[in-house]
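Here's the structure we're looking at; comments come further down.
Residue numbers (the numbering used here): 25 to 723.
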């Protein structure tokens with residue numbers, strides 16, 4: 025066959041790159057697009073010159089009703105075999121659009137194969153979405169069977185803002201949805217080099233379904249258009265519930281791969297959050313029905329995992345599964361209103377409030393504890409081994425061997441977006457390291473390699489699966505070999521943050537702060553005792569005295585106090601070792617590093633000078649106390665005041681005064697009653713005056 029031009033005498037042409045998907049060991053599906061109504065077809069052969077054993081798909085007539093897209097199926101192929109293909113239009117081949125792919129191995133095949141995984145690319149408003157000319161050809165050089173694209177493949181939702189109406193979702197326009205698929209198959213974009221040499225499977229995430237962090241309530245905001253047009257314009261695998269979402273499964277050698285739809289059946293993220301006295305709190309529970317997958321998709325996934333005969337069961341989720349991610353959510357909630365609120369976005373410098381971060385973390389599996397519980401409990405109860413999670417969405421890469429994630433998980437990306445550096449920032453800034461095998465961290469290279477990345481999964485028969493995160497500079501950011509036989513453990517937990525800075529504390533006062541313990545598996549997580557290792561200074565650390573027991577998904581605020589020691593300017597540093605019943609390798613002890621500085625006594629350097637014309641709130645005494653303490657205060661005039669006590673989460677636990685008081689000095693005795701040991705805050709309010717101090721109850 026000789027090459028022909030895109031445009032023929034009758035003006036019919038193939039407008040976009042042919043893409044192959046839905047590959048099995050014996051079949052494949054292609055998508056083609058023409059510019060006008062035409063007859064299109066795929067020609068295939070094991071011979072790149074197409075001179076022997078030529079195969080043809082059935083032909084199709086494309087028309088306006090599908091934007092001139094058509095799906096073409098080819099069967100009776102040989103397993104594990106490379107095929108070359110060329111599109112034909114009105115009987116003539118278009119050789120410049122030739123490509124190749126390889127059929128999948130059969131179940132019993134014992135050889136190794138690789139596939140790639142990634143998400144997040146081509147956003148018009150991101151200056152870093154310009155690296156495809158290097159990155160995608162590098163991916164094409166991998167000897168991979170297919171690309172598993174986990175969504176945000178172009179950002180069509182950015183057109184809403186571009187057109188000046190953020191609620192005019194692109195998905196409401198069928199033309200814009202078709203346009204998004206045309207953009208994906210652009211033969212002039214560097215990703216074409218990748219799509220010419222391997223198959224692809226794809227499911228949307230939020231930005232390419234309807235809008236950022238969208239959920240099932242967006243189905244009537246164009247979500248159905250995206251679902252419908254995907255089935256016309258992408259070479260997809262069979263869909264169990266094609267009207268409700270795009271979840272599906274396919275097999276490749278000894279692996280079953282489950283591609284879940286974490287948008288179309290999702291309950292709204294904000295249903296799990298509530299506003300309480302000016303602070304956002306998390307309200308979802310492992311026993312409620314707040315779901316990411318919905319009941320039908322969850323039943324499909326769990327039932328198929330139980331019946332699967334595959335050695336490896338790989339679950340692709342647009343958002344991270346890692347249950348320890350709940351620690352990030354709880355840390356953001358805890359740090360509301362602290363010196364860390366807001367923190368700068370490492371990518372842009374714009375401020376990230378803790379409330380915003382909490383809402384973002386609630387978009388992950390961590391925000392859906394009942395779904396996490398259902399998956400883990402089914403795997404544990406039925407001892408289903410060899411499950412692996414693949415995820416994306418976060419514009420970060422991270423890899424965990426199951427120590428934190430309970431199920432080995434590779435989070436990869438972004439393919440060409442700005443790296444948000446949340447993995448690195450959590451590890452370095454807050455000592456929260458939930459990806460123990462590495463990734464986009466500040467210590468992964470010198471200088472750090474914090475940019476784009478893709479995932480690579482290598483399946484070697486029944487022996488092992490190798491998970492890798494690979495950077496745009498071809499550095500292996502993280503690598504882990506999964507061996508057969510592992511089942512998630514039934515007890516696990518995390519304590520966050522992993523570092524506490526009490527700051528400078530006057531020598532005659534105390535300071536307190538908190539950490540949060542989270543149970544991340546299905547059975548009770550227990551904190552047994554605390555051991556303080558002081559490596560510098562003479563200050564004292566006060567730790568909780570009572571043990572802690574947490575059911576699945578439950579949390580507990582742990583309150584720690586600092587009693588300064590030594591001379592002003594002296595620093596006390598050390599580590600709190602928290603013994604738990606977590607049986608994971610290296611997971612029985614959780615650690616919190618601490619630091620505090622002894623300051624000048626109150627009243628020195630103008631900190632607290634008694635003046636009759638000023639409001640005053642003094643440090644309680646004794647402090648620490650058990651069970652009672654006295655609080656002194658002074659008023660410059662007669663007026664209505666309140667004096668209230670709060671825990672470290674800002675929850676009111678006692679009202680000491682709510683009445684009119686005369687001018688002058690006053691004091692009141694506070695009886696702690698049944699309150700638990702820990703740090704509390706007391707606040708005096710008089711007109712526009714507010715003053716707050718901390719006190720420590722030690723049972």
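Note that beta-carbon positions come from the ideal geometry of N, C-alpha and C, so glycine has one too.
Whole angstroms is fine: what's the gap from residue i's alpha carbon to residue j's?
i, j, result
"residue 144", "residue 54", "23 Å"
"residue 238", "residue 436", "21 Å"
"residue 708", "residue 602", "35 Å"
"residue 655", "residue 304", "30 Å"
"residue 631", "residue 722", "Residue placement at residue 631 is poorly supported in this model, since its pLDDT is 41, which falls under 50; the coordinates still yield a value, given next. So the two alpha carbons sit approximately 27 Å from each other."
"residue 681", "residue 197", "60 Å"
"residue 349", "residue 719", "31 Å"
"residue 605", "residue 175", "38 Å"
"residue 634", "residue 640", "Residue placement at residue 634 cannot be trusted, given a pLDDT of 43 that sits under 50; what the coordinates show is reported in the next sentence. Distance between the alpha carbons of residue 634 and residue 640: 8 Å."
"residue 732", "residue 651", "An answer regarding residue 732 cannot be provided, because it is not within the stretch 25 to 723 covered by the chain."
"residue 357", "residue 453", "16 Å"
"residue 261", "residue 485", "23 Å"
"residue 678", "residue 406", "48 Å"
"residue 541", "residue 92", "56 Å"
"residue 607", "residue 574", "15 Å"
"residue 646", "residue 532", "11 Å"
"residue 534", "residue 710", "24 Å"
"residue 473", "residue 77", "47 Å"
"residue 213", "residue 156", "8 Å"
"residue 653", "residue 300", "28 Å"
"residue 490", "residue 674", "46 Å"
"residue 644", "residue 691", "10 Å"
"residue 482", "residue 108", "23 Å"
"residue 228", "residue 266", "14 Å"
"residue 95", "residue 58", "12 Å"
"residue 805", "residue 700", "In the structure displayed, the chain extends from 25 to 723; residue 805 sits before or after that span and is not available."
Less than 8 Å between the CB atoms is what I'm expecting for residue i and residue j, so what's the real figure, rounded?
i, j, result
"residue 308", "residue 296", "4 Å"
"residue 257", "residue 205", "4 Å"
"residue 289", "residue 321", "5 Å"
"residue 223", "residue 169", "7 Å"
Measure the Cβ-Cβ separation of residue i and residue j and say whether it is below 8 Å.
i, j, result
"residue 346", "residue 395", "no"
"residue 623", "residue 660", "no"
"residue 128", "residue 49", "yes"
"residue 561", "residue 597", "yes"
"residue 40", "residue 242", "no"
"residue 619", "residue 526", "yes"
"residue 520", "residue 565", "no"
"residue 689", "residue 658", "yes"
"residue 277", "residue 251", "no"
"residue 163", "residue 478", "yes"
"residue 429", "residue 413", "yes"
"residue 517", "residue 393", "no"
"residue 172", "residue 340", "yes"
"residue 420", "residue 446", "yes"
"residue 512", "residue 431", "yes"
"residue 68", "residue 43", "no"
"residue 410", "residue 337", "yes"
"residue 522", "residue 583", "no"
"residue 149", "residue 235", "no"
"residue 417", "residue 343", "yes"
"residue 73", "residue 125", "no"
"residue 56", "residue 117", "no"
For residue i, does the count of other Cβ atoms within 10 angstroms reach 16, so buried, or fall short, so exposed?
i, result
"residue 613", "exposed"
"residue 684", "exposed"
"residue 693", "exposed"
"residue 80", "exposed"
"residue 271", "buried"
"residue 293", "buried"
"residue 386", "buried"
"residue 287", "buried"
"residue 609", "exposed"
"residue 470", "exposed"
"residue 82", "exposed"
"residue 544", "buried"
Taking Cβ positions only, does residue i come closer than 8 Å to chain D?
i, result
"residue 230", "Although the question refers to chain D, the structure presented lacks it and comprises just one protein chain."
Problem - Secondary structure, alpha helix (DSSP H): runs of 4+ residues fully inside the stretch 82-106 - result: none
Practice task
Run through the stretch 601-668 for me and flag every whole beta strand (DSSP E) of 3 or more residues, listed as ranges in chain order.
Solution key: 613-623 and 652-659
Practice task
Enumerate, from N- to C-terminal direction, the unbroken alpha helix (DSSP H) stretches of 4 or more residues contained entirely within the stretch 141-187.
Solution key: Every unbroken stretch of the alpha helix (DSSP H) spanning 4 or more residues and falling wholly within the stretch 141-187 is given here in chain order: 156-164 and 182-186.
Exercise for the section: Counting only runs of 3+ residues fully inside the stretch 437-521, write out the beta strand (DSSP E) ranges in chain order. Expected result: 477-484, 488-495, 500-506 and 517-520
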